[in-house]
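K.L.:
First the structure, which I've put down as structure tokens, then a few questions once you've had a look.
Residue numbers (UniProt numbering): 1 to 78.
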């Protein structure tokens, strides 16, 4: 399910399509994807800041970002 689904997060953070708020918008797009697909995001604020800043500085790949999102999510019980 998660294969290449965080491309929006990666692209928004890396390509800066907006004047401001690219990191926040990119992150929210990833969390929204999780929620729409029945998952709950479990990372702390500190973890989020770290991974998004790491992404913005080019120190992780899109695949690593995807793996982090998968690791930091849990399927919700309906």
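All C-beta atoms, glycine included, are put in the ideal place defined by N, C-alpha and C.
1. Is the beta carbon of residue 51 less than 7 angstroms from the beta carbon of residue 68?
2. Within 10 angstroms of the Cβ of residue 13, are there 16 or more other Cβ atoms? Answer buried if so, exposed if not.
3. If we call anything under 7 angstroms between Cβ atoms a contact, is residue 33 one with residue 5?
4. Going by the CB atoms, is the gap between residue 75 and residue 29 shorter than 7 angstroms?
5. So if DSSP puts residue 74 in a beta bridge, which residue, or which two residues, is it bridged to?
6. Between which two residues does the alpha helix (DSSP H) harbouring residue 14 extend?
P.N.:
Put simply:
1. Position 51 of the chain shown, counting from 1, holds the residue named residue 51. Position 68 of the chain shown, counting from 1, holds the residue named residue 68. It is a contact, given that the beta carbons lie within the stated cut-off.
2. The count along the chain shown starts at 1 and reaches residue 13 at position 13. Result: buried.
3. On the chain shown, position 33 is the one that residue 33 refers to. On the chain shown, position 5 is the one that residue 5 refers to. Cβ distance < 7 angstroms, so residue 33 and residue 5 count as in contact.
4. Counting from 1 along the chain shown, the entry for residue 29 is found at position 29. Counting from 1 along the chain shown, the entry for residue 75 is found at position 75. In this structure, residue 29 sits away from residue 75, with a CB-CB distance that is not shorter than 7 angstroms.
5. Residue 74 sits at position 74 when you count from the first residue of the chain shown. In DSSP, residue 74 forms a bridge with 40.
6. The residue labelled residue 14 in the question sits at position 14 within the chain shown. 7 to 15 is the span of the alpha helix (DSSP H), which, as asked, contains residue 14.
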